Structures are given as C-alpha cells and as structure tokens.
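Chemist: First the structure, which I've put down as structure tokens, then a few questions once you've had a look.
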Amino acid sequence: MTARPIRHNAQVPDRNGKIFYTSITSLSHISKMLRVEARGIEKSTKKRKKNLFICPYCGRKLMNSSAVCTPKLLCPKRRMVRTGECQQIFMLKSEAQDKVLEITKEICRTLIQEEELKKASKDKRKVTSDEYLISELKAEYDRISNSTVSCYQSYREGKYTKEEYVQLRKTNQELLADLENQISDLQEKVANQEPDAEEKIEQLTQYSMLEQYDGDVLSNIIDKVLIYNDKDIEVVFKGENFIRNAV
C-alpha cells in the first residue's frame, strides 16, 4: 500500500480576520516550500555584479557559457543565429577579466606619470587668469572696506554731512556685496575645473594596485569592454578624463 501524505486541517485567518479552513500537507512539505521561497528572495535581493562585456557586433551584453569550472563569454545571439560575426566571440571569462585588469592598471600607471609631470609643471607656472582675477577682486574688496572706515572718520571730522555719509556707506555696501558674489562664483568655478592633482594620483594609484577583477569598481572608469573573438579585446574608458568619474 502506498503511503499517503499526512494532511492537516488548519484554521487560517484572512486579511479581514475571518477564519477559513484549508487542507495542507505535512509540516516537512511546508518547511520545504518556505526554504524554496527564502532562496528565491535571497537571489532576488542579492546584488548582481556589473557586466561590462559587450558584443561589438550586435551590442548585446555577453553571457557565460554553461561550463561551470571554466565559463566562457559568448553573445546570446550565438544561440539564436548559427552564422554571423557574433559566433566568433568565445573567450574564457577569466582570461577576459585578467586582460581588462592588466590594461586598466597599465593605463593608470601611465596616467600617474603624466599627472606627476603636470603637478611639477603647475607648481612652477603662474596662476590661472581666474585665480588672478580672484586676487584682484579680494584686493578691491579690502580697499572698499578700508574706504568705508575712512569715510566714517571724515564724517566724524565734519568733512561729510550725515546724508552724504549715509549715501557713501550704502554705495560701498552694495559694491562689497557684488564683489562677494563675484569672488564666490569664481572660486566655485576654479574648484570644479579639475580635481586636485594629489587626489587624482591617489585614486589612480588605487586602480593601478587592484589585484582582482571587480566589475562594480572598474565600472567607475570603464564604459564597456568589447570582445571580438577568442583573443582580441578592447577596453573603452569613460572619455579622455575618465578618472574624474572616480574622484
């Protein structure tokens, strides 16, 4: 005789608090269902790593082959169309990641050298036109502030009437407010023009010392990685000043 699963009648309240009866299988079956549901939640909430690998022929994101130990990168179109350029893509995932890491580190080391040279040159060069203008505006601000004090002294000595002094002070206050705005705008402009050299070098150094491929980290400076076949690869960085995205 085949053993039937044990069933239990359970009273289950609905959302409104009313009781309805349902027939459920054994507790072991319920436990199994809960474990499956929990695994599904865990998979859905687990953050997926950034996939930078792109097919240069159709633009699709590359996928892993079915091989568990040594997965290869391939284009999804490979399974839909048996002929065409997409069929050429079949590179070991570990090899592709190693190449991306090697290229990135080499590029960063080169940029570090360039930044060091720029930094040395910048230390010797004259200040920029914006920086020079800021210093001029600050000098003018100080001059007007001192002028306001002088006007007050002249007023105390009877050289100005009260009305004249009030008008001069009002004019100076308006000039000072305008200068403050100009100085603030220029300082913000200079600050946003280029990241500090030391900061850029520090960030580049961190990338140049990466020991393992990390798509999430590298996506800060890499736009995409094109795989052409089983050996050719192209790393597309985020513009000429790509390191600004990581600073």
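If you count by numbering that gives the first Met the number 0, then the sequence shown holds residues 0 to 246, one letter each, in order.
Quick reminder that beta carbons are idealized off the backbone N, C-alpha and C, glycines included.
This structure is a prediction, so every number in the text was calculated from the model and none was measured.
#1: Distance check for Y212 and F52, CA to CA, integer angstroms please.
#2: Closest by CA to I220, which one among Q186, K158, C107, K118?
#3: Check each candidate in S218, I133, E94, E197 and name the one with the smallest Cα separation from N265.
#4: For E189, which residues from the same chain have a beta carbon less than 8 angstroms from its beta carbon, with the 5 sequence-adjacent residues on both sides left out?
#5: Within the same chain, show all residues whose beta-carbon is closer than 7 angstroms to that of S146, passing over the 5 residues directly before and after it, in chain order.
#6: Looking at the secondary structure, which residues open and close the beta strand (DSSP E) in which D222 lies?
#7: Which of the three DSSP states is assigned to N171 in this structure?
#8: Between the region 148-168 and the region 222-241, are three or more C-beta pairs nearer than 8 angstroms?
#9: In the structure shown, what three-state DSSP assignment does V234 receive?
#10: For I200 versus E105, is the C-beta spacing smaller than 8 angstroms?
#11: If you drop the 5 nearest sequence neighbours on each side, which residues of the same chain put their C-beta closer than 6 angstroms to that of V224?
#12: I believe I182 touches L136 by the beta-carbon criterion, under 8 angstroms. Please report the beta-carbon distance rounded to the nearest angstrom.
#13: Quick check on the burial criterion: 16 or more other C-beta atoms within 10 angstroms. Buried or exposed for R77?
#14: Got a sec? Which residues, its chain only, sit under 6 angstroms from A138 by beta carbon, not counting five neighbours each side?
#15: Note down, in chain order, each residue of its chain lying with its Cβ closer than 8 angstroms to the Cβ of K71, except the 5 sequence neighbours on either side.
#16: Under DSSP, the beta strand (DSSP E) around L73 begins and ends at which residues?
#17: Within a Cβ cutoff of 7 angstroms, which residues of the same chain sit near S27, ignoring the five residues on either side of it in sequence?
#18: In terms of residues, what are the limits of the alpha helix (DSSP H) holding K137?
#19: Starting from V216, follow the alpha helix (DSSP H) in both directions and report where the run begins and ends.
Modeler: From the atom records:
#1: In the sequence shown, residue 52 corresponds to position 53, counting from 1. In the sequence shown, residue 212 corresponds to position 213, counting from 1. F52 and Y212: Cα-Cα distance of roughly 13 angstroms.
#2: The residue labelled residue 220 in the question sits at position 221 within the sequence shown. Checked all of Q186, K158, C107, K118; the closest Cα to I220 is C107.
#3: The structure shown does not extend to residue 265, since the chain is modelled only from 0 to 246, so the question has no answer here.
#4: In the sequence shown, counting from the first residue as 1, residue 189 sits at position 190. Note on residue identity: the sequence assigns Val, not Glu, to residue 189. Around V189: T127, D129, E130, I133.
#5: Indexing the sequence shown from 1 puts residue 146 at position 147. Within the same chain, S146 has close Cβ partners N171.
#6: Sequence index remark: in the sequence shown, residue 222 carries index 223 (1-based). Taken as a continuous stretch (DSSP letters only), the beta strand (DSSP E) holding D222 covers 221-226.
#7: To locate residue 171, count along the sequence shown from 1; it is residue 172. Of the three classes helix, strand and coil, the one that applies to N171 here is helix, per DSSP.
#8: no
#9: Against the sequence shown, residue 234 aligns to sequence position 235. Looking at V234 - three-state DSSP - the assignment turns out to be strand.
#10: Along the sequence shown, read from residue 1 onward, the residue named residue 200 stands at position 201. Along the sequence shown, read from residue 1 onward, the residue named residue 105 stands at position 106. Not in contact: I200 and E105 (Cβ atoms no closer than 8 angstroms).
#11: If you number the sequence shown from 1, residue 224 lands on position 225. Contacts found: L51, F52, V99, V234.
#12: Reading the sequence shown from its first residue, position 183 is the one you call residue 182. Reading the sequence shown from its first residue, position 137 is the one you call residue 136. Confirmed, Cβ separation roughly 5 angstroms.
#13: The residue given as residue 77 occupies position 78 in the sequence shown. So R77 counts as buried.
#14: Residue numbering aside, residue 138 sits at position 139 when the sequence shown is read from its first letter. Result list for A138: empty, nothing under 6 angstroms.
#15: Taking the first residue of the sequence shown as 1, we reach residue 71 at position 72. Closer than 8 angstroms at the Cβ level, and outside the excluded window around K71, lie N63, S64, F89, M90, L91, K92.
#16: As a working mapping, residue 73 is identified with position 74 in the sequence shown. Note, L73: beta strand (DSSP E), 71-73.
#17: Walking along the sequence shown from the start, residue 27 turns up at place 28. Caution applies to S27, whose pLDDT of 46 falls short of 50 and renders its modelled position unreliable; the value that the coordinates give is listed next. Excluding positions up to five away in sequence, the list is empty.
#18: In the sequence shown, the residue the question calls residue 137 occupies position 138. Start and end: 128-155.
#19: Counted from its first residue, the sequence shown places residue 216 at position 217. V216 -> alpha helix (DSSP H) spans 214-217.
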